[in-house]
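Have a look at the structure below before the remarks.
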Amino acid sequence: MTRPAIARIALNRPLRRLFDYLIPDSLELAPGQRVTVPFGRQTLTGLVVEIGVEPPPGVNLKAIKGTLEAWPALPDNTFNLLTWASDYYQHPLGECLFTALPPALRRGRPAQEKADESWHPAATEAVLPANAHRQVDLFNAIKESPGISSSALVKSGFSRAQIRNLQQKDLITEGAKAITAPATKDLPAPTLSAAQQAASAQMPEHTHEFSATLLYGITGSGKTELYLHYLKTHLNANEQALVLVPEINLTPQTLARFRRYFGNRIQVWHSALNDGERLSTWLKIRNGEPVILIGTRSAVLLPFSHLRTIIVDEEHDSSYKQGEGFRYSGRDVAVYRAHLNRCPVILGSATPSLESWHNAQQGKYQLIRLEERAGNAKPPQLELLDIRSRPLEAGLSRPTLNSIKETLARGEQALVFVNRRGFAPVMMCFDCGHLEECPRCDTRLTYHRRDHAMRCHHCDFQMAASHTCPKCQSENYKPVGQGTERTEDTLAEQFPDTPIVRVDRDSTQRKGSIQAILKRVNTGESCILVGTQMLAKGHDFPNVTLVCVVNADGGLFSVDFRAPEQMIQTLLQVSGRAGRGDKPGKVLIQTCHSDHPLLTNLCRGNYAAIADQLLAERETGTLPPYRAMAIVRAEADTMQNSLQLLDTLKPMAQSPGIEIWGPLPAVIARKADRHRAQLILCSDSRGHLNRVLTQLCQYLDQARLPSSTRWVVDVDPQETG
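For what it's worth, UniProt numbering labels the leading residue of the sequence shown as 1, then goes sequentially.
Here it is as structure tokens:
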């Protein structure tokens, strides 16, 4: 008697197990293929992991209902990548595999695009109000390209609501055939400076062999031009490439530059896309179209079939590490993906992560230095401004305000960096000392004066702000410290005739707001930018000649061993916004510790020397990258329950070669009414640490924990507090 064929299926569930199903005779399956299966009373979408497995004894298996495509949604190299990532980051395989699918396919939608409408001008003459500028522009766009598709119009900046509005006015009609946006003429490879040519000559020659390259290029040195030149000269017309960027807000600027050279070959991937846009891009990638994809972290997991180059821009950026759920590092997965695909990966940064710098020193990565700014631009002059005993106005010293005044008088732009949004980080009563704290977290509420609200930036709790102390009713209840809103107000008072442009998460919530802000700044109009780390990354403002850092001391005394590295990276990145054009740049760094060795070395502008110093400290402390690290985090309704779970795990984790710290409460021990604790594991052997973590996860999966208790494993954590 022939044994029934059985397939092992992964479901998009937080379960560390797979499920066996009978394969009907009518179906032919392959790993990575989407199927529908019965699961309890539901029908779910699953992914085939294995075929021909041994049937479990004494179990009556259900049969697979059907396939959603005749081909695997995840090709072999993507399937192998995600299987490795599931094991390395200790996360359920099902959730890892489904991360590579767009939301529509996770829900079981067919892997095909919806029919795209096409539009033609109506026979009647258009009559639109004179002030309806967008509708007039939309009508003219359709008139110039009859049959243009809705998706092409949306990519041009129009909305579907505007299209429907014209249709309802009988000014346009839906046609039978849609045409895409006219193909753009792409430019030849950009011309490189002598320093860029020297760096380009060291780039990997073969796109069919694995290599890892760290491109250490100071801010303004033209790393993007090197990326463009490399893709132009090495990527064939039928091949795919991936360019990772850390933030959505960097995507429009990067996208525009790449489209100038590669036209419609450029595609984009980030969380702000709608389901249809994601599915369309996913299908192009899966079908092997020769796209160059510019995307954020999750783009590295997509099912490329002809991937020949991976570029990770700003590779040091902490946003490449997923902070919840599947906690993978986009940068590290990109390196492993390049290894699987046998293609080069290029990691670029002006302030490389210590992990990448260490790998370059060990010879695992090729190191290319680019230490001259492009064109006539020169590195900015960095100056420490000691603010001890100086009177401050909302955190700004008089020398800083005078420098801003001189910059504006020359018709130039100034950038003021404040790493806190809101008006002030705390409200305090100067009579009784009361501080307004979040009722759900062990942290204080931030005052937002624009909305007259107190907000927690950890759990999103908010309440109306009060003019009097809630405890003693005193009117001596005032904001303490500075945020972007307070700095904006102070600068508006000091410079009433100068536009103040604030760039933080609050001011850029609306779609297209960051693009509008960047467009305004790039006109060169004299103005003052006030912003958080959003301004520190990758932006090119030619007329910004002065950068002022309000408080540079935050990372000097943190409990997190990564804080000094991240502080130096942020300061150098934001400093790099100054003097990127022909005009010289200046950076004023306000500090209460102007004699600190890290800050004095920073002013010399040599990040390589600082990185070497920090690595020496890490080696002395036997910290990453000299040892592997993982954190088991627990949270429960009481701190006792969180610590009790970790106390149970600690003896199981004890093993020769494993050092254990804790368990201890997290720095923010209570967050959203959940009490958080952690157990830190370190080892010289990454493989040994992985095996111990696997044993802990197996125990936790089978343990009957209280319903309120949650746990997660964070491998290679970016935050240890």
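Using N, Cα and C, we set each Cβ at its ideal position, and we do this for glycine too. Treat the numbers as computed from the prediction; the structure is a model and nothing was measured.
Residue i versus residue j - alpha carbon distance
i: PRO4; j: VAL59; result: 13 Å
i: LEU382; j: LEU571; result: 10 Å
i: PHE210; j: ILE517; result: 40 Å
i: LEU396; j: VAL547; result: 13 Å
i: residue 722; j: GLU174; result: No answer is possible for residue 722: it lies beyond the span of the chain, which begins at 1 and ends at 721.
i: LEU491; j: ASP553; result: 22 Å
i: THR407; j: THR545; result: 7 Å
i: GLY687; j: ARG562; result: 23 Å
i: LYS478; j: PHE461; result: 20 Å
i: LYS586; j: GLY605; result: 12 Å
i: THR446; j: VAL335; result: 39 Å
i: LEU529; j: ILE404; result: 11 Å
i: MET567; j: ARG34; result: 45 Å
i: ALA108; j: ALA73; result: In the sequence under discussion, the amino acid at residue 108 is Gly, which differs from the Ala named in the question. For GLY108 and ALA73, the distance between alpha carbons rounds to 12 Å.
i: PRO182; j: TYR365; result: Any reading at PRO182 must be qualified, since the residue scores a pLDDT of 45, below 50, and its modelled position is unreliable; no value is offered.
i: MET1; j: PRO38; result: In this prediction, MET1 has a pLDDT of 40, which is less than 50 and means its spatial position is unreliable; what the coordinates show is noted afterwards. Straight-line Cα distance between these residues: approximately 26 Å.
i: LEU354; j: THR620; result: 14 Å
i: ALA677; j: MET629; result: 16 Å
i: GLY348; j: VAL574; result: 17 Å
i: ILE142; j: ASN522; result: 30 Å
i: ILE160; j: LEU166; result: It is Arg, not Ile, that sits at residue 160 in the sequence shown. About 10 Å.
i: LEU228; j: LEU192; result: 10 Å
i: GLN413; j: SER526; result: 5 Å
i: ALA212; j: LEU615; result: 20 Å
i: PRO717; j: THR648; result: 22 Å
i: HIS316; j: ARG259; result: 25 Å
i: ALA195; j: LEU215; result: 13 Å
i: ARG674; j: THR468; result: 30 Å
Contact check, residue i vs residue j, beta carbons under 8 Å
i: CYS459; j: ARG444; result: no
i: GLN482; j: VAL418; result: yes
i: PRO31; j: VAL48; result: yes
i: VAL632; j: LEU689; result: no
i: THR591; j: LEU598; result: no
i: LEU588; j: THR400; result: yes
i: LEU301; j: GLN267; result: no
i: ILE248; j: ASP442; result: no
i: ASP452; j: ALA464; result: Note that residue 452 is His in the sequence shown here, rather than Asp. Their beta carbons are under 8 Å apart, which means HIS452 touches ALA464 by this criterion.
i: VAL715; j: GLN90; result: yes
i: ARG286; j: PRO303; result: yes
i: GLY323; j: GLY576; result: no
i: THR309; j: THR207; result: yes
i: GLN162; j: LEU138; result: yes
i: ALA520; j: GLU485; result: Sequence check: residue 520 is Arg here, not Ala. Cβ distance not < 8 Å, so ARG520 and GLU485 don't count as in contact.
i: ASN543; j: GLY524; result: yes
i: GLN240; j: HIS339; result: no
Of the listed residues the options, nearest to residue i (C-alpha basis)
i: ARG505; options: PRO499, VAL480, LEU602, LEU535; result: LEU535
i: GLY217; options: GLY662, ALA608, ARG674, LEU689; result: ALA608
i: HIS539; options: LEU340, ARG618, GLY411, GLU314; result: GLU314
i: PRO706; options: ASP637, ILE658, GLN112, THR309; result: ASP637
i: GLU475; options: THR487, PHE423, HIS434; result: HIS434
i: ASN274; options: VAL154, GLN197, VAL549; result: VAL154
i: HIS120; options: PRO129, GLU113, GLY147, GLY581; result: GLY147
i: ALA611; options: ALA360, SER156, ARG265; result: ALA360
i: GLY46; options: ASP582, ARG8, ASN264; result: ARG8
i: HIS358; options: ILE387, ARG13, ALA199, GLN613; result: GLN613
i: THR694; options: ARG16, ASN12, GLU525, ARG134; result: ARG16
i: SER200; options: THR254, THR233, SER683; result: THR233
i: PHE326; options: VAL712, THR720, VAL291, ASP560; result: VAL712
i: MET454; options: CYS429, LEU645, ASP560, PRO425; result: PRO425
i: MET428; options: ARG388, PRO470, ARG420; result: PRO470
i: GLN42; options: LEU11, PRO391, GLU50; result: LEU11
CB contact below 8 Å: residue i versus chain B
i: LEU598; result: The structure shown contains no chain B, having only a single protein chain.
Which parts of the stretch 222 to 297 are runs of the beta strand (DSSP E), unbroken and 3 residues or longer, counting only runs that do not cross its ends?
-> Segments of the beta strand (DSSP E) lying fully in the stretch 222 to 297: 240 to 244, 266 to 269, 292 to 295.
Could you pull out every unbroken alpha helix (DSSP H) segment of at least 4 residues lying fully inside the stretch 627 to 702, listed in chain order?
-> 639 to 653, 686 to 702
Should the stretch 368 to 376 be called in touch with the stretch 325 to 345, which here means at least 3 C-beta pairs below 8 Å?
-> no
Which whole runs of the beta strand (DSSP E) in the stretch 367 to 444 are 3 residues long or more, in chain order?
-> 381 to 386, 413 to 417, 426 to 429
Do three or more CB pairs link the stretch 657 to 664 to the stretch 699 to 713 at distances below 8 Å?
-> no
Answer yes if the stretch 62 to 72 comes into contact with the stretch 10 to 25, meaning at least three C-beta pairs across the two stretches below 8 Å, and no otherwise.
-> yes
Do the stretch 256 to 266 and the stretch 96 to 111 meet, that is, are 3 or more Cβ pairs less than 8 Å apart?
-> Contact check between the stretch 256 to 266 and the stretch 96 to 111: fewer than three CB pairs, one atom from each, fall below 8 Å, which does not count as touching.
May I have a chain-ordered list of the beta strand (DSSP E) segments no shorter than 3 residues that lie completely inside the stretch 31 to 119?
-> 34 to 39, 42 to 51
Taking only runs of the alpha helix (DSSP H) that begin and end inside the stretch 477 to 530, which ones reach a length of at least 4 residues, in chain order?
-> 484 to 494, 513 to 521, all fully within the stretch 477 to 530.
Segments assigned alpha helix (DSSP H), at least 4 residues, entirely inside the stretch 534 to 577 | 563 to 575
Where are the alpha helix (DSSP H) runs, 4 residues long or more, that stay fully inside the stretch 140 to 194, in chain order?
-> 150 to 155, 160 to 168
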